[in-house]
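Student: Let me give you the structure first, and then I'll get to my questions.
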Amino acid sequence: MNQSYSNLGRSSFGSKFGIIAATAGSAVGLGNIWRFPYIAGENGGGAFIIIYVAFIMLIGIPAMMCELSIGRATQKNPFGAFKELRPNGKWYLVGCMGIAAVFFINSFYSVVAGWTLFYLFEALTNQFHAKDAGQIEAVFSSFQESGWIPILCSLLFVVITAVVVSSGVKKGIERWSKILMPILLLFIVIMAVRSMTLPNAGEGLAFLFKPDFSKITSKSILDALGQAFFSLSIGMGVLITYGSYINKGENLAQTAVSVSIADTLIAILSGVAIFPAVFSFGISPTSGPDLVFLALPNIFSQMTGGYFFSVVFFILLIIAALTSTISILEVLVVCVSEELGINRVKSTVISATVVGIFAVLCSLSITKIPELSMFGLSLFDLFDFVSSNIILTLDGTLMIIFVAWVAGKKWIQNELSSNGLYKVNYIKPFMLIIKFIVPAAIILVFLQSVGIFKF
Ligand code: PHE
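In the working numbering, each number is its position in the sequence shown, counted from 1, plus 12.
Right, dumping it as structure tokens:
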């Protein structure tokens, strides 16, 4: 019997579509609908998007293939995976770094996920109806000023995530992802079409698709790289963990390509849904993290069936966020339970409690306690920036370097071909990319962003 199936205690995904839906469930989330538009907005739109898509293709897809391979080959959590592959080296620290990222990412992510819960409540009680842009902005600011409502909402989100994770992944995540991801896609398309028919929509579309490279700064390039890692869930061990649930017979390259295409498509469609509304209602494209929450309710307030669409949209946003927070918490829970030998439920309670405390601090840093800041950034902004632009990027790159230089060509070829089942005729360019091009590109981006190097 194949090695992978001997580990009977471990759950695994049941079907090809299930694997793609669950992995895409992790990838597609607030990163696409909330983070991508606001980061693109801050970096001037079109030109940023071209750089972003180039990073997804050149770096994101190979990185995803490497990370999934590490998980599937070892059938272990990120820490255990590196321990198994290199028992005597220090490579397990790469796994640890990803696990540390869970705290940073989950904390600001749960805060924004909490906002989506509040907005669903507002949608259900028809709060956007016939409101103008100023009134919609006031909904957001009074929610933030209350201080405790955002905290309760984000804690509620942590609890919902913990409930799903504690009851196991397979039936829950896989089944729901298969149903919900296609519906999410459909709704984003509807929103995008509605937004494109708003007055002034052309201005938003031009912002999005007419590249103006003069707007690109060295920070934009790092932002694009960080967003690519964040959006594809690379560099945190999520893909090692999900890879460990994938059967040996699956084609990992195909999974990585399908997930990356779906993820990029949804990010761009979110931009199409949001920017025409931004220009049409006079919202600043550089509004930052509030952007989606200020832009979309304006469409709902005016469109026919706005009530229905706003309710459904926020439900879907919650689901998109939930399938991502589940994957984030899963990394920590599996690690704690496998390494400390405690059961899933206990491990979930411990993990969710710690993560919940981080989320509360993060929320307080932008509402009631602005002193919770470092380097001139609130904890929220700091965690957002540091985790994607630095930790995920660095950790993801180390994983690629591990596969390229330590595990080697034979190992990755074997994994990508599923032991000879699939042809890997792209192996030569693939090795060239992961050995040289990706590390060089990432070093250049880092040097450029700290000002040592100028393009
Ligand atoms: N990819 C998720 C999103 O776009 C966020 C995420 C990052 C999830 C890292 C897991 C790990 O929303």
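Note that CB positions come from ideal geometry on N, CA and C, so glycine has one too.
Helix, strand or coil for residue 19 per DSSP?
Tutor: Here residue 19 corresponds to residue number 7 of the sequence shown, with the count starting at 1. With a pLDDT of only 39 at residue 19, under the threshold of 50, the placement of this residue in the model should not be trusted, and no figure is reported.
Student: State yes or no: is the C-beta of residue 248 nearer than 8 Å to some heavy atom of ligand 1?
Tutor: Within the sequence shown, the letter at position 236 stands for residue 248. Within the cutoff, so yes.
Student: Given the structure, does residue 367 come close to ligand 1, in the sense that its CB is under 8 Å from one of the ligand's heavy atoms?
Tutor: Position 355 of the sequence shown, counted from the first residue, corresponds to residue 367. It does not: the Cβ of residue 367 is nowhere closer than 8 Å to a heavy atom of ligand 1.
Student: Can you list, in chain order, the residues of its chain with a C-beta nearer than 6 Å to that of residue 370? Leave out the 5 residues immediately preceding and following it.
Tutor: Within the sequence shown, residue 370 is the residue found at index 358, counting from 1. Excluding sequence neighbours, residue 370 sits near 115 and 119.
Student: Given that a residue counts as buried once 16 or more other Cβ atoms are within 10 Å of its Cβ, and exposed if not, what is residue 76?
Tutor: Taking the first residue of the sequence shown as position 1, residue 76 is located at position 64. Answer is buried; the Cβ neighbour count reaches 16.
Student: Determine the closest residue to residue 434 out of 218, 272, 362 and 260, with distance taken between C-alpha atoms.
Tutor: As a working mapping, residue 434 is identified with position 422 in the sequence shown. Comparing Cα positions, the closest option is 260.
Student: Excluding the 5 residues flanking residue 270 on each side, which residues of the same chain have their C-beta closer than 8 Å to its C-beta?
Tutor: Reading the sequence shown from its first residue, position 258 is the one you call residue 270. Once the five neighbours on either side are set aside, the close Cβ partners of residue 270 are 32 and 36.
Student: Hey, how far is the Cα of residue 207 from the Cα of residue 321?
Tutor: Working through the sequence shown from its first residue, we reach residue 207 at position 195. Working through the sequence shown from its first residue, we reach residue 321 at position 309. The alpha-carbon atoms of residue 207 and residue 321 are separated by roughly 13 Å.
Student: What would DSSP say about residue 336, mapped onto helix, strand or coil?
Tutor: Here the question's residue 336 lines up with position 324 in the sequence shown. Helix, per DSSP.
Student: Take residue 392 as the anchor and find which of 302, 282, 440 and 27 has the nearest alpha-carbon.
Tutor: Taking the sequence shown and counting its residues from 1, the one referred to as residue 392 is at position 380. Closest option to residue 392, Cα to Cα, is 302.
Student: Kindly examine ligand 1 and report whether one of its heavy atoms sits closer than 8 Å to the Cβ of residue 34.
Tutor: Your numbering for residue 34 matches position 22 in the sequence shown. No, since every heavy atom of ligand 1 falls outside the 8 Å radius drawn around the Cβ of residue 34.
Student: On the DSSP letters alone, give me the boundaries of the alpha helix (DSSP H) that residue 49 sits inside.
Tutor: On the sequence shown, position 37 is the one that residue 49 refers to. Its alpha helix (DSSP H) spans residues 48-54.
Student: Out of 415, 401 and 428, which has the shortest C-alpha to C-alpha gap to residue 457?
Tutor: The sequence position of residue 457 within the sequence shown is 445, counting from 1. Among 415, 401 and 428, the Cα nearest to that of residue 457 belongs to 401.
Student: Report yes if the C-beta of residue 47 is less than 8 Å from at least one heavy atom of ligand 1; otherwise report no.
Tutor: As a position in the sequence shown, residue 47 is number 35, starting the count at 1. Result yes, Cβ under 8 Å from ligand 1.
Student: Exposed or buried, what is residue 176 when buried is set at 16 or more other beta-carbons lying within 10 Å of its beta-carbon?
Tutor: The residue labelled residue 176 in the question sits at position 164 within the sequence shown. Buried, because 16 or more other Cβ atoms sit within 10 Å of the Cβ of residue 176.
Student: Below 8 Å, can you find three or more Cβ-Cβ pairs linking the region 159-169 to the region 279-296?
Tutor: No, they do not touch.
Student: DSSP three-state label for residue 144, please.
Tutor: As a working note, residue 144 is residue 132 in the sequence shown. In this structure, residue 144 counts as coil in the three-state DSSP scheme.
Student: Is residue 40 near ligand 1, going by C-beta to nearest heavy atom under 8 Å?
Tutor: What you label residue 40 is simply residue 28 of the sequence shown in a count that begins at 1. True, at least one ligand heavy atom lies under 8 Å from that Cβ.
Student: Check whether the region 56-71 touches the region 234-244, counting contact only when three or more Cβ pairs, one atom from each stretch, lie closer than 8 Å.
Tutor: Touching, yes, given that three or more Cβ pairs across the two stretches are closer than 8 Å.
Student: Any heavy atom of ligand 3 closer than 8 Å to the CB of residue 435?
Tutor: With respect to ligand 3, the structure offers nothing, as its ligand set consists of ligand 1.
Student: Following the continuous alpha helix (DSSP H) through residue 39, name the residue where it begins and the one where it ends.
Tutor: As a first step, residue 39 is located in the sequence shown; it is residue number 27 there, counting from the start. Element bounds for residue 39: 28-39.
Student: In this structure, how does DSSP classify residue 13 when only helix, strand and coil are distinguished?
Tutor: Position 1 of the sequence shown holds residue 13. Only weak support exists for where residue 13 lies, its pLDDT of 32 falling under 50; the coordinates are left without a value.
Student: Output the distance between the C-alpha atoms of residue 38 and residue 335, rounded to the nearest integer angstrom.
Tutor: Residue 38 sits at position 26 when you count from the first residue of the sequence shown. Residue 335 sits at position 323 when you count from the first residue of the sequence shown. Each residue's alpha carbon lies about 5 Å from the other.
Student: Between residue 439 and residue 421, how many whole angstroms is the CB-CB distance? I'm expecting something under 8 Å.
Tutor: Reading the sequence shown from its first residue, position 427 is the one you call residue 439. Reading the sequence shown from its first residue, position 409 is the one you call residue 421. Indeed they touch by this definition, with Cβ atoms about 7 Å apart.
Student: Return the CA-CA distance between residue 166 and residue 256, expressed in angstroms with no decimal places.
Tutor: As a working note, residue 166 is residue 154 in the sequence shown. As a working note, residue 256 is residue 244 in the sequence shown. Each residue's alpha carbon lies about 29 Å from the other.
Student: Drop a sphere of 10 angstroms on the beta-carbon of residue 304, count the other beta-carbons inside from all chains shown, and report buried for 16 or more, exposed for fewer.
Tutor: Mapped onto the sequence shown, residue 304 falls at position 292. It is buried - the Cβ of residue 304 has at least 16 other Cβ atoms within 10 Å.
Student: Along the chain, where does the alpha helix (DSSP H) containing residue 316 start, and where does it finish?
Tutor: Locating residue 316 in the sequence shown gives position 304, counting from the first residue. Run containing residue 316: none; DSSP gives neither H nor E here.
Student: Between the beta-carbon of residue 399 and the beta-carbon of residue 113, is there less than 9 Å?
Tutor: For the purposes of this step, residue 399 is taken as residue 387 along the sequence shown, with counting starting at 1. For the purposes of this step, residue 113 is taken as residue 101 along the sequence shown, with counting starting at 1. Yes, the Cβ-Cβ distance between residue 399 and residue 113 is below 9 Å.
Student: Would you call residue 216 buried or exposed, if buried means 16 or more other Cβ atoms sit within 10 Å of its Cβ?
Tutor: For the purposes of this step, residue 216 is taken as the residue at position 204 of the sequence shown. Buried is the call here.
Student: Please state whether DSSP places residue 449 in a helix, a strand or coil.
Tutor: Residue numbering aside, residue 449 sits at position 437 when the sequence shown is read from its first letter. Residue state, collapsed to three classes: helix.
Student: Taking Cβ to Cβ, would you say residue 81 is nearer than 9 Å to residue 424?
Tutor: For the purposes of this step, residue 81 is taken as residue 69 along the sequence shown, with counting starting at 1. For the purposes of this step, residue 424 is taken as residue 412 along the sequence shown, with counting starting at 1. Yes, Cβ-Cβ distance for residue 81 and residue 424 is below 9 Å.
Student: Which same chain residues, not among the five before or five after residue 263, have their C-beta less than 7 Å away from its C-beta?
Tutor: Position 251 of the sequence shown holds residue 263. Cβ within range, chain order: 430 and 434.
Student: Here's the rule I'm using: 16 or more other beta-carbon atoms within 10 Å means buried, otherwise exposed. How should residue 42 be labelled?
Tutor: Within the sequence shown, numbered from 1, the residue matching residue 42 stands at position 30. Buried is the call here.
Student: Mind the definition here: the region 126-144 touches the region 274-292 only if three or more C-beta pairs lie below 8 Å; say whether that holds.
Tutor: No, because fewer than three Cβ pairs between the region 126-144 and the region 274-292 fall closer than 8 Å, the two stretches do not touch.
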